[in-house]
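A quick write-up on the structure given underneath.
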Amino acid sequence: MRRPAAVAALLLVVLAAAGVTAWYFFFRDSPERAAAAYLDAWEKSDYSAMRQLVLEPPKDFSAVNEAVFKDLPLARRSFDLGEITTDGGSAVAPFTARLRVRTLGDWSYRARLDLKRRQGNWFIDWSPSAIHPDMERGATFSSTRTWPERGKLLAADGRPLTETRRAVVVGIVPQRIKDRNALIQALVINLGSDPARIRSLLDKPGVRPDWFIPVEEVTVERYETVKPAIYPVPGLVFQNRQLRMPPRPGFAQHVIGRVGEATAEALKRLGEPYRQGDQVGISGLEAVFERRLAGRPSGQVVLNDPDGQQLEVLHSFPGQPVESIQTTLDIDVQTAAESALDGVSSPAAIVVVDTQSAQVRAAVSRPVAGFNRAFTGRYPPGSSFKIVTAAGLLKEDVSVDQTVECPPETKVGGKTFRNFESKGLGNVPFREAFAQSCNSAFVKLASSIEEEELAGAAQNFGFGKNYSFPLDVAGGSFPAPRDLTDQAASAIGQGRVQASPLHMATVAAAVAGSAWRPPQLVAGQSPGTTEALEPRVAQTLQSLMRLVVTEGTGVRARVPGKEVSGKTGTAEFGTKRPPDTHAWFVGYSGSHAFAVLVEAGGVGGEVAAPIAARLVARL
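For the sequence shown, my numbering assigns the number 18 to the initial residue and increments by one for each residue that follows.
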């Protein structure tokens, strides 16, 4: 409002405090005050105050004014009063209406108030045109709103990672549940749902008994196979929709994410232009790039006749075009990685990156309903970290032919370090100690070099680096050793050393490509800082990792007709005696570097290496 309205508003307060009930008489002494007071009341939707300023108002004045905007979702409105012209007992007050249409944008138009003087007082000579120049009695405003077709998530070669398909949304209406445990069990058995997630959805504060709570989205084909088991369950409700889905269930789900109806939390986070019922990215890249993938809806403000038929379009909102996001994923490599984990019942992960760019070609986490362990899991890397330790030792002039001791166990700082199954090799060349993953040899060698040398090698392989990565990610961490014992444990990937499967894939890529590079998932992402390896060190590590597969602990990663290099890892964790172990195999073949992790899987060479072989065979 311009200044007259502000003055009017202030005087309203003063007069009300003084007990003046007929305040409106004050505003009738000039057309300026009458018009300003009317617009101020309209801005507040105070139709009663507006009515008192109107000459001979119709009985349904308030109802008419309120009905006009009923179907036009306004976030706010304001009015700017123009310069009033007076001709005897008549006056014209031009004004500009500025309206914010919720989830669409701003709309403004020019209109006028006609005023007349009666017995020395000024009144609004009201008609529907006082609302809008084209308004007639019984007409109303409404709006249309249309989202553009969502942008695509693309593979590295431009192929789409998702497609729009007919699907069924399986949900729960709490008030219809008869046996909660039976309902949850039916979803777990038939759809692989996470029971903890279902309980959290049902127990979330504010959930109403009559709400439809979406739980799973399945293809029509899959729904038909499980329908006999889940359709009769009281509390389950099914909705047919067109949904954006991967080419097959679970495909790259932790990376791609999913699209679904906006939750209350999503609406609060996203704000304008979203509203209830909109489809939005719920997780993964779909959520990260929501604004770019979704664009902005276009719309119109429409004037309708009393029967609801459109008379004219008063204003158009252009919306915003969508963008497609090109990822670095390779559909064929992703398919190979997922099939390599077929039949693996333990939680597991595979990450594949390009050896020259560290672009992520595939990322798999199992179970699909679990967290993204491929990117965010933090695990002791165990003996797969010996790649890093070996790099530090080679820089300190340890040679592959140098004879080293490999007893069944050795002590450092009072702590005993044992080889797998307490096997010793005796005095052997360093290359054999690496190929056979001799803990005692590495512990003894690492204890003889400066702490800074081992830490420097870890930094050279990206440990401690922050990624510029679109999804939540855990890199590699190498805390400064507290003492010699801690340093010895770190040298074999134990102690406080941790890494994600993603990071260990970049470690393997660093050997193959002679430089460590931060991983990339989206085309055009800044590549970050490269850490070059000394050519001599890189070449020696390449020969050592090849030896692991040809005659060392990784022989079960062999693939006929393909050259595979790698390193096994059997990483202890927990407090059991003997401790449980994660099974690792990290390596490369051709242009692909990879990390395979099986949580609590046992021995890397026996469990992870065969999975790596299946992966390479399918690449």
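Positions of the beta carbon are idealized from the N, C-alpha and C atoms, including for glycine.
inquiry  = Suppose only complete runs of 3+ residues qualify. What are the beta strand (DSSP E) ranges in the stretch 208-260, listed by chain order?
reply    = 230-236
ask   = Taking C-alpha atoms, which residue in 335, 518, 389 and 53 lies nearest to residue 141?
value = 53
key: Check whether residue 644 and residue 612 have beta carbons under 8 Å apart   = Residue 644 lies beyond the residue range present for the chain, which begins at 18 and ends at 636; the question has no answer from this structure.
Inter-residue Cα distance where the pair is residue 503 and residue 428 = 12 Å
Any 3 or more C-beta pairs closer than 8 Å across the stretch 233-241 and the stretch 307-319 = no
query = Taking three-plus beta-carbon pairs below 8 Å as touching, is the stretch 474-485 in contact with the stretch 401-421?
reply = yes
ask   = What did DSSP end up calling residue 141 once you bin it into helix, strand or coil?
value = strand
ask   = Just how far apart, CA to CA, sit residue 298 and residue 167?
value = 10 Å
key: CB-CB length for residue 505 against residue 464, believed under 8 Å   = 5 Å
query = Does DSSP put residue 476 in a helix, a strand or coil?
reply = helix
ask   = Alpha carbon to alpha carbon, how far is residue 606 from residue 583?
value = 9 Å
ask   = DSSP puts residue 112 in a beta bridge; with which residues?
value = 98 and 128
request  = May I ask which residues mark the beginning and end of the alpha helix (DSSP H) holding residue 464?
outcome  = 456-464
inquiry  = Please give the ranges of any alpha helix (DSSP H) in the stretch 469-524, keeping only runs that are unbroken, at least 4 residues long and fully inside the region.
reply    = 501-508
task = Specify, as a first and last residue, the run of the beta strand (DSSP E) that residue 321 falls within.
result = 315-321
inquiry  = Using a 10 Å radius around the Cβ and a threshold of 16 neighbouring Cβ atoms, would you call residue 396 buried or exposed?
reply    = buried
Element boundaries [alpha helix (DSSP H), containing residue 635] = 626-635
task = Helix, strand or coil for residue 342, going by three-state DSSP, please let me know.
result = strand
request  = Compute the Euclidean distance between the alpha carbons of residue 62 and residue 104, then round it to the nearest angstrom.
outcome  = 30 Å
ask   = Between the C-alpha atoms of residue 590 and residue 273, what's the straight-line distance to the nearest angstrom?
value = 31 Å
task = Just grab the DSSP bridge partners of residue 444 for me.
result = 422
request  = Measure from the alpha carbon of residue 439 to the alpha carbon of each residue in 598, 44, 424 and 80, then state which is nearest.
outcome  = 424
message = Within a Cβ cutoff of 6 Å, which residues of the same chain sit near residue 148, ignoring the five residues on either side of it in sequence?
response = 85
task = Measure from the alpha carbon of residue 300 to the alpha carbon of each residue in 365, 385, 227 and 319, then state which is nearest.
result = 385
query = Do you know offhand how far residue 486's Cα is from residue 362's?
reply = 29 Å
query = Opposite residue 151 in the DSSP bridges: which residues?
reply = DSSP lists no partner for residue 151.
ask   = So the alpha helix (DSSP H) residue 402 belongs to, where does it begin and stop?
value = Unbroken run through residue 402: none, as it is neither H nor E.
key: Straight-line Cα distance separating residue 462 from residue 499   = 18 Å
ask   = Between which two residues does the beta strand (DSSP E) containing residue 163 stretch?
value = 157-163
ask   = In chain order, which continuous runs of the beta strand (DSSP E) of length 3 or greater are located wholly inside the stretch 261-338?
value = 276-278, 296-298, 315-321 and 327-334
ask   = Does the distance from the C-beta atom of residue 277 to that of residue 296 stay below 8 Å?
value = yes
task = Report the option in 629, 261, 271 and 304 whose CA atom is closest to the CA atom of residue 282.
result = 304
ask   = Any idea what DSSP makes of residue 352, helix, strand or coil?
value = helix
task = Tell me whether residue 135 sits in a helix, a strand or coil according to DSSP, three-state version.
result = strand
key: Close-in-space but distant-in-sequence residues of the same chain around residue 688 (CB under 6 Å, 5 per side omitted)   = The displayed coordinates of the chain run from 18 to 636. Any statement about residue 688 would go beyond what the structure contains.
query = Do the CB positions of residue 575 and residue 630 come within less than 8 Å of each other?
reply = yes
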